[in-house]
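> Take this structure, written in structure tokens, and hold onto it; I'll ask about it next.
There are 2 protein chains.
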Amino acid sequence: MRISYRKELEKAARQMILIHRTDTLIKLIIRAVIRNLRVTHAGIFLYQKDKKVYVLTISKGKEGIKIPSGLVRLSFDSPLIRYFLDSSYRLDKSNYLILENVKRWLKRGKIKKNKIYKDFFKQLIYLLSLIKVKVALPIFFHDELLGVFVLGEKLSKKKFSSDELAFLSILSSDVAMAIRNASLFEDLRLQLERNQKLFLQTISALAQAIEAKDKYTIGHTERVVDLSLKIAHQLKRIRRIKDWDRFEHNLKIAALLHDIGKIGVPETILNKPTSLNEKEWEFIKRHPLIGVEILSPIKDLGKVIEAIKYHHERFDGKGYPEGLKERKIPLISAIIAVADAYDAMTSDRPYRKALSPQEAKSEIKKNKGLQFHPQVVDAFLKVFPNGK
Amino acid sequence: MRISYRKELEKAARQMILIHRTDTLIKLIIRAVIRNLRVTHAGIFLYQKDKKVYVLTISKGKEGIKIPSGLVRLSFDSPLIRYFLDSSYRLDKSNYLILENVKRWLKRGKIKKNKIYKDFFKQLIYLLSLIKVKVALPIFFHDELLGVFVLGEKLSKKKFSSDELAFLSILSSDVAMAIRNASLFEDLRLQLERNQKLFLQTISALAQAIEAKDKYTIGHTERVVDLSLKIAHQLKRIRRIKDWDRFEHNLKIAALLHDIGKIGVPETILNKPTSLNEKEWEFIKRHPLIGVEILSPIKDLGKVIEAIKYHHERFDGKGYPEGLKERKIPLISAIIAVADAYDAMTSDRPYRKALSPQEAKSEIKKNKGLQFHPQVVDAFLKVFPNGK
């Protein structure tokens, strides 16, 4: 019976290693402590780097008290935090804090005469009774106080045994390591997210800068990205798309960079106000291959480069640069082809006025299976509900 | 005495949570097992996803056997792996494998008559004696066999007690979680590295594409990045640079993108074979601000954008776009300014021939404290040892 709580708590401690979210981690451990040690409530004050305070992350009890999480905050000036950070206040040698002991210390003659100590312990007792805490244990990682473990009283009203307290100390150090592990994970994941965002933002900015060279296509890239993603989402409902997350990511990057090769086309051709002659057309038609050339050193962009290369191929094989046919054309290219054509048709050009959305749509419909991939056209048409 | 090994091993298991390199982790646990259980040797076969084999990662003994790590590989066909993956071969209910038990099973009448079982157990015994293993325990994470824990015999020649075996089982499941934790961490870190590389490669490719518009500056960006980094490394030896890693990273990106604004300068001006008139010069001088404009939506590039903005400022305040002076010019800009000037001077231009490295260097030296930041010039000169 004496060690019945151990097994369960040890199991909980063991599971902590794979919990990489600090809040889930704390919830797990608090629940296990309350259930196995049978206390009125328990909670953890967790240090928040950005705010420089210890916030009561969770405090729950089977019966009795429940302090709303996030409400109680302790600064470095709080007596509970100072107790653990400044060893001169610890009058016994244990690393935990027991309310009854502090009350006893206050009755000592020496303490009574020392105003600093007296005031400190009075404040500490006041704080502990306010949050109904009988026992507190520090959660240290090396010298860093990551948090404080607080416990109410046992449902049996008995004192905590020295065995239980020793066990709780070990548990605290396990919790410290688990919190550390989780926060390292959180940091890494956050960094990864920031990095991915940075990557997309940067290529988007550069693509737009390159697009600005072609004064007839302002906003084109952004609109093609947007429409391509919408088509892909509809397409996913029609047919299976393998490794969807990766596919969507590649589509986004390919759509962003699909016209990157235009940087290799002279401005005089891009901005010519009249229609182009054959030689000039040949130059324009090289832009997918110039795009490939620019991005070719980047190994991780293999699929994206392929998609850019073929975004002017036609389903019937009459496109460029290679005249690929039907299923040989990468699906991402086929999607961009439709989005690209729609946006081009609905934009003014020096040599013709823009088509209306209706006209452009029926043009694309007419070319289903000829210029465009049939399923992609079906998905494209579903993007506009109510014929809008 | 009976549980003396526990405490130490539990401590080792506890430390595993913060070890995010699988190999270090395994080294730690093997060392602790050998020391505390007093066995001739111990090792772990770890599953390698890419190769689809179990590789003996480490096997060390205080005395006796030491199998070189990486040498022994087990495929899914190996009897040791099949024993743990196919429950029909396990004739007892424990999750561990004891050589002596298998030998005993082989003597059973039923097994003797069953060729499949007989052959399997014979192969298993042969393999275990080859690698001198008396006891093996699976390292399972859910249904996934991450590895196999193998142990030689105890130095005392005694059998492993059921207590020890039960404890080793728990330890194996701790090791499983720790390996899982470490490999998740490794995956995340690898992904981050790949992402950072992708980011740099992509902006490098795009910067070079933009540079290609200006036919007189082929290779300029790459050389400026290279020289800027070299100057920064020398500068670090002369003066303190706060948060060096961040600084170097920002310098690299800023150097890569320093001329990105040239995309907003008409090709006719960039490629003009004769010297520019005042109006054309005004256009050229706008390129730092155009660069700022292009990158301004990207919050995380704050320092980089600032550095690009001021890379044509002069130490004496006579530069553009703002005429900033001395310490007001960001250090990154001051470094790029020197690298940029050196590379421009040592390259042919339509209206002048390239200076020799010697001439360019003395030109920069002459401008120390005028056009260029004095410390940066000192660092720059140190980049060329022996006056090379």
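Order-wise, the sequence lines are chains A and B. Its first residue numbered 1, the first sequence is counted upward by one per residue in the working numbering. Its first residue numbered 389, the second sequence is counted upward by one per residue in the working numbering. We put the CB at the ideal spot given by N, CA and C, even for glycine.
#1: Identify the continuous beta strand (DSSP E) that holds residue 527/B and give its terminal residues.
#2: Chain A partners of residue 413/B, CB-CB under 8 Å?
#3: With which residues is residue 42/A paired in a DSSP beta bridge?
#4: Answer with yes or no whether the minimum CB distance from residue 16/A to chain B is below 9 Å.
#5: Which value, in whole angstroms, describes the spacing of the CA atoms of residue 720/B and residue 201/A?
#6: Helix, strand or coil for residue 606/B, going by three-state DSSP, please let me know.
#7: Going along the chain, which residues of its own chain have a beta-carbon closer than 7 Å to the beta-carbon of residue 467/B, five neighbours each way excluded?
#8: With distances taken between CB atoms, is the gap from residue 461/B to residue 437/B smaller than 9 Å?
#9: Where does residue 435/B sit, in a helix, a strand or coil, going by DSSP?
#10: Since residue 393/A is in the alpha helix (DSSP H), which residue starts that stretch and which ends it?
#11: List, in order along the chain, the chain B residues whose C-beta lies closer than 7 Å to that of residue 213/A?
#12: Rounded to whole angstroms, what is the Cα-Cα separation between residue 338/A and residue 371/A?
#13: When we look at the beta-carbon of residue 431/B and count the other beta-carbons within 10 Å, is it buried (16 or more) or exposed?
#14: What residues in the segment 586-599 of chain B have a beta carbon less than 9 Å from any beta carbon of chain A?
#15: Check whether the Cβ of residue 356/A lies closer than 9 Å to any Cβ atom in chain B.
#16: Give a yes or no on whether 9 Å exceeds the smallest Cβ distance from residue 573/B to chain A.
#17: I want to see whether chain B comes within less than 9 Å of residue 273/A, judged by CB atoms only; does it?
#18: Return the CA-CA distance between residue 640/B and residue 610/B, expressed in angstroms with no decimal places.
#19: Provide the residue span of the alpha helix (DSSP H) that contains residue 514/B, from first to last.
#20: How long is the line joining the alpha carbons of residue 674/B and residue 649/B, rounded to whole angstroms?
#21: Pull up the CB-CB distance for residue 743/B and residue 753/B, whole angstroms please, since I reckon it's below 8 Å.
#22: Tell me the rounded alpha-carbon separation between residue 141/A and residue 521/B.
#23: Among 143/A, 227/A, 135/A and 13/A, whose alpha-carbon lies nearest the alpha-carbon of residue 87/A?
#24: Excluding the 5 residues preceding and the 5 following residue 707/B in the sequence, name in chain order all residues of the same chain whose CB lies nearer than 7 Å to its CB.
#25: Give a yes or no on whether the minimum CB-CB distance between residue 582/B and chain A is below 9 Å.
#26: Between 604/B, 394/B, 581/B and 419/B, which lies nearest to residue 382/B when the distance is taken from Cα to Cα?
#27: What are the residues in the segment 543-568 of chain B lying within 9 Å of chain A by C-beta distance?
#28: Chain B beta carbons: is any one of them nearer than 9 Å to that of residue 288/A?
#29: For residue 341/A, count neighbouring C-beta atoms within 10 Å of its own C-beta (all shown protein chains included) and say buried if the count is 16 or more, exposed if not.
#30: Taking a contact to mean a Cβ-Cβ separation below 9 Å, would you say residue 24/A touches residue 186/A in this structure?
#31: Quick check on residue 646/B - is its C-beta less than 9 Å from some C-beta in chain A?
#32: Please report the straight-line C-alpha distance between residue 688/B and residue 583/B, rounded to a whole angstrom.
#33: With three or more C-beta pairs closer than 8 Å as the rule, is the segment 535-549 of chain B touching the segment 415-430 of chain B?
#34: Output the distance between the C-alpha atoms of residue 765/B and residue 598/B, rounded to the nearest integer angstrom.
#35: Under a Cβ-count criterion, where at least 16 other Cβ atoms within 10 Å of its own Cβ denotes burial, should residue 398/B be classed as buried or exposed?
#36: Could you tell me which of 191/A, 258/A and 249/A sits nearest to residue 233/A, measuring between CA atoms?
Here's the rundown:
#1: 523-529
#2: Those within 8 Å of residue 413/B in chain A number zero; the least Cβ separation is about 11 Å.
#3: 60/A and 151/A
#4: yes
#5: 22 Å
#6: coil
#7: 508, 511, 512 and 515
#8: no
#9: strand
#10: The displayed coordinates of chain A run from 1 to 388. Any statement about residue 393/A would go beyond what the structure contains.
#11: 651
#12: 9 Å
#13: buried
#14: 586, 587, 589, 590, 591, 592, 593, 594, 595, 596, 597 and 598
#15: no
#16: yes
#17: no
#18: 10 Å
#19: 503-518
#20: 8 Å
#21: Between residue 753/B and residue 743/B the Cβ distance is about 13 Å, and since that is not below 8 Å, they are no contact.
#22: 38 Å
#23: 143/A
#24: 700 and 701
#25: yes
#26: In this structure chain B extends from 389 to 776, so residue 382/B is not present and cannot be described.
#27: 558, 561, 562, 565, 566 and 568
#28: no
#29: buried
#30: no
#31: no
#32: 15 Å
#33: yes
#34: 29 Å
#35: buried
#36: 249/A
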